[in-house]
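K.L.:
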Amino acid sequence: MQSWASPHVPSLPGASGPLWLHDTATDMVRPTTPGPTATIYVCGITPYDATHLGHAATYLAFDLVQRVWLDGGRAVHYVQNITDIDDPLLQRAERDGLDWRDLAANQIQLFREDMAALRVLPPRDYIGAVEAMDEVSGAVARLLEMGAAYRVEDAEHPDVYFDVAAAPKFGYESRYDLATMLALAAERGGDPDRPGKRNALDPGLWRMPREGEPFWDSTMGPGRPGWHIECSVIAGNRLGPTIDLQGGGSDLIFPHHECSAAHSEVLTGVVPFARHYTHAAMIALDGEKMSKSRGNLVFVSRLRADGVDPMAIRLALLSGHYRQDRAWTDQLLDQATARLADWRRAANRQGSDAATVLHGLRSALTDDLDTPAAIELLDRWAADDGLAGGVVADAVDALLGIALH
Ligand code: 5CA
Ligand code: ZN
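Add 978 to the 1-based position in the sequence shown for the numbering used here, that's all there is to it.
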């Protein structure tokens, strides 16, 4: 798929040090250790409703990862998927009387426009599940041959499932106990109660067509893929068996990232799938997680249509730490709008050199993307009329992605 246009990234004097990030699998803030080309996979949208502020916050967090790595002298190979075939997309299309392909295409286009407006650096590979169908069905066939997958005992719909017992470390990524895993699997697209499975936690890999559902041919027969295998395969085929970082929101910790890691590790024999599993916290509205299923959404496109500066949206979302669950409020946006105006005035200022601000900004961001600390530092810079704009404005652009000019 086509991604979106890249914003310009100014180069800065000096360089960022190693980026330390929280890793869910070890619950530690540890240094990332990329080679000359850092590899990152971030789970993309399911395009039936794009782009609410929760999505935006998550993609902004990983945008900072890419920007800090670039500032540290790394190239970055960033891959993102689009879950352009899945139950919720089909259900929404049915509800609204749309062709699921048209619904997906429209929402993907909206997402691209929102990402470009927010100045999010595009992935190098932006891959839809549908366009990767042969890769994905091929991987499912291999898992079956390896004995790591099986057909469920159901004469009518002998769907293919992954056998979690084939992944000896299953559970290491989320570190959840069995009761939590069962509850989350049921809540997030799994079917722990389906009879005929070897283990309640086994996730689907290939689903035989039901009445009226789209399907693709494969050596397993016609069907469509499960959700987790899509991300394992799209990532692995482009980035190799081990990647520097797998990212997404904290609602993907289980079962999605646990299962995509397990699929990949069984397919390649290489553990771990990702050196860091990093998760962005949830954005809430009116006391509840912002989610398509709840419908309590604020869309980036709505705010843009209302004339809100996308840089103010960006700054508002970055004013909280990416690992802190937080609420979107009108006050947050007002505060960011005022702050942006202050920073823009300061950006054009003559004055003494502010190299220490650049240093402080780098230290804050390499410390697990501490944007609140970075913003506090920049507020002090903006309030000091003796300090020049110059390099700080470039740094705010390159590292925080906020254009001040
Ligand atoms: N297509 C799958 C991933 S393969 C998916 O989860 N799509 S999504 O459209 O539901 O979400 C896209 C991204 O936004 C995911 O990383 C998800 O964790 C994140 N996300 C969803 N809701 C929120 C929220 N309220 N706050 C923060 N991030 C969110
Ligand atoms: Zn994913």
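Even for Gly, the Cβ is constructed at its ideal location relative to N, Cα and C. Keep in mind it's a predicted model, so treat the numbers as computed, not measured.
#1: Pairs of beta-carbons, one from the region 999–1008 and one from the region 1199–1210, closer than 8 Å: are there three or more?
#2: Could you tell me which residues DSSP puts in a beta bridge with residue 1083?
#3: Could you say which of 979, 1204 and 1035 lies nearest to residue 1181 if we only look at CA atoms?
#4: Pull the bridge partners of residue 1001 from the DSSP assignment, please.
#5: Between residue 1226 and the ligand ZN, is there a pair consisting of the residue's CB and a ligand heavy atom that are separated by less than 7 Å?
#6: Count the other CB atoms, across all protein chains shown, that sit within 10 Å of the CB of residue 1085; report buried if there are 16 or more and exposed otherwise.
#7: With a threshold of 7 Å, establish whether the CB of residue 1314 neighbours any heavy atom of the ligand 5CA.
#8: By the three-class DSSP mapping on this structure, what secondary structure does residue 1012 have?
#9: Following the continuous beta strand (DSSP E) through residue 1221, name the residue where it begins and the one where it ends.
#10: Tell me which residues share the same chain as residue 1266 and place their Cβ nearer than 8 Å to its Cβ, disregarding the 5 neighbours each side in the sequence.
#11: Applying the criterion that 16 or more other CB atoms from any shown protein chain within 10 Å of the CB defines a buried residue, is residue 1216 buried or exposed?
#12: CA-CA distance, residue 1136 and residue 1173?
#13: How would you call residue 1093, buried or exposed, if buried means at least 16 neighbouring beta carbons within 10 angstroms?
#14: Please determine if the region 1279–1296 and the region 1057–1076 are in contact, where contact requires at least 3 C-beta pairs separated by less than 8 Å.
#15: State the DSSP-derived secondary structure class of residue 986, mapped to helix, strand or coil.
#16: Using 10 angstroms around the beta-carbon of residue 1236, count the other beta-carbons present and answer buried if the total reaches 16, otherwise exposed.
#17: So what does DSSP say about residue 1177, is it helix, strand or coil?
#18: Should residue 1305 and residue 1244 be called a contact, given that it needs their Cβ atoms to be closer than 8 Å?
#19: Among all the DSSP beta bridges, which residues are the ones paired with residue 1154?
#20: Here's the rule I'm using: 16 or more other beta-carbon atoms within 10 Å means buried, otherwise exposed. How should residue 1417 be labelled?
#21: Go through the residues and name those whose CB comes closer than 6 Å to any heavy atom of the ligand 5CA, in chain order.
#22: Report the rounded CA-to-CA distance for residue 1126 versus residue 1189, giving the unit in angstroms.
#23: Closer than 7 Å by C-beta to residue 1328: which residues in its own chain qualify, once you throw out the five before and the five after it? Chain order, please.
#24: Taking only the alpha-carbon atoms, compute the straight-line gap between residue 1156 and residue 1162 and give it to the nearest angstrom.
#25: Using only CA atoms, which one of 1037, 1106 and 1044 lies nearest to residue 1095?
#26: Just mark residue 1151 as buried or exposed, buried being the case when its beta carbon has 16 or more other beta carbons within 10 Å.
#27: Is the region 1305–1325 touching the region 1045–1052 in the sense that three or more CB pairs, one from each, lie closer than 8 Å?
#28: Less than 7 Å separating the Cβ of residue 1238 from some heavy atom of the ligand ZN?
#29: Could you check the C-alpha separation between residue 1363 and residue 990 for me, to the nearest Å?
P.N.:
So, to answer that:
#1: The region 999–1008, when compared against the region 1199–1210, does not touch it at the 8 Å Cβ threshold.
#2: The residue labelled residue 1083 in the question sits at position 105 within the sequence shown. Answer by DSSP bridge pairing: none, since residue 1083 is not bridged.
#3: Here residue 1181 refers to the residue found at position 203 when the sequence shown is read from its first residue. The option with the nearest alpha carbon to residue 1181 is 1204.
#4: For the purposes of this step, residue 1001 is identified with residue 23 of the sequence shown, where counting begins at 1. Residue 1001 pairs with 1006.
#5: Locating residue 1226 in the sequence shown gives position 248, where the first residue counts as 1. Yes, Cβ of residue 1226 sits closer than 7 Å to a heavy atom of the ligand ZN.
#6: Residue mapping note: residue 1085 aligns to position 107 of the sequence shown, counting from 1. Its Cβ being crowded by 16 or more others within 10 Å, residue 1085 is buried.
#7: Numbered from its first residue, the sequence shown carries residue 1314 at position 336. Incorrect: residue 1314 has no Cβ contact closer than 7 Å to the ligand 5CA.
#8: Numbered from 1 along the sequence shown, position 34 holds the residue referred to as residue 1012. DSSP places residue 1012 in coil when its eight states are reduced to three.
#9: Here residue 1221 is taken as the residue at index 243 of the sequence shown, counted from 1. That run of the beta strand (DSSP E) goes 1221–1227.
#10: Indexing the sequence shown from 1 puts residue 1266 at position 288. Hits under 8 Å: 1272 and 1274.
#11: Stepping through the sequence shown from its first residue, residue 1216 is reached at position 238. Classification of residue 1216: buried, given that the 10 Å Cβ count is 16 or more.
#12: Numbered from its first residue, the sequence shown carries residue 1136 at position 158. Numbered from its first residue, the sequence shown carries residue 1173 at position 195. For residue 1136 and residue 1173, the distance between alpha carbons rounds to 12 Å.
#13: Position 115 of the sequence shown holds residue 1093. Classification of residue 1093: buried, given that the 10 Å Cβ count is 16 or more.
#14: no
#15: Taking the sequence shown and counting its residues from 1, the one referred to as residue 986 is at position 8. Three-state result, residue 986: coil.
#16: Counting from one through the sequence shown, the residue named residue 1236 turns up at place 258. It counts as buried.
#17: Position 199 of the sequence shown holds residue 1177. Residue state, collapsed to three classes: coil.
#18: What you label residue 1305 is simply residue 327 of the sequence shown in a count that begins at 1. What you label residue 1244 is simply residue 266 of the sequence shown in a count that begins at 1. Not closer than 8 Å, so no.
#19: The count along the sequence shown starts at 1 and reaches residue 1154 at position 176. DSSP, once it has assigned bridges, lists no residue as partnering residue 1154.
#20: Residue 1417 is absent from the structure shown; the chain starts at 979 and stops at 1383.
#21: 1021, 1022, 1023, 1024, 1032, 1033, 1035, 1036, 1059, 1061, 1209, 1226, 1227, 1229, 1230, 1258, 1260, 1261, 1267, 1268 and 1269
#22: As a position in the sequence shown, residue 1126 is number 148, starting the count at 1. As a position in the sequence shown, residue 1189 is number 211, starting the count at 1. If I take the Cα positions, the gap works out to 28 Å.
#23: Position 350 of the sequence shown, counted from the start, is the residue given in the question as residue 1328. Closer than 7 Å at Cβ, skipping near neighbours: 1366.
#24: Locating residue 1156 in the sequence shown gives position 178, counting from the first residue. Locating residue 1162 in the sequence shown gives position 184, counting from the first residue. Each residue's Cα considered, the two are about 10 Å apart.
#25: Numbered from its first residue, the sequence shown carries residue 1095 at position 117. Checking every option, the nearest Cα to that of residue 1095 belongs to 1037.
#26: Translated into positions along the sequence shown, residue 1151 becomes position 173. Residue 1151 is buried by the Cβ-count criterion.
#27: no
#28: Against the sequence shown, residue 1238 aligns to sequence position 260. Yes, the ligand ZN has a heavy atom inside 7 Å of this Cβ.
#29: On the sequence shown, residue 1363 is found 385 positions in, with the first residue counted as 1. On the sequence shown, residue 990 is found 12 positions in, with the first residue counted as 1. Rounded to the nearest angstrom, the two C-alpha atoms are 22 Å apart.
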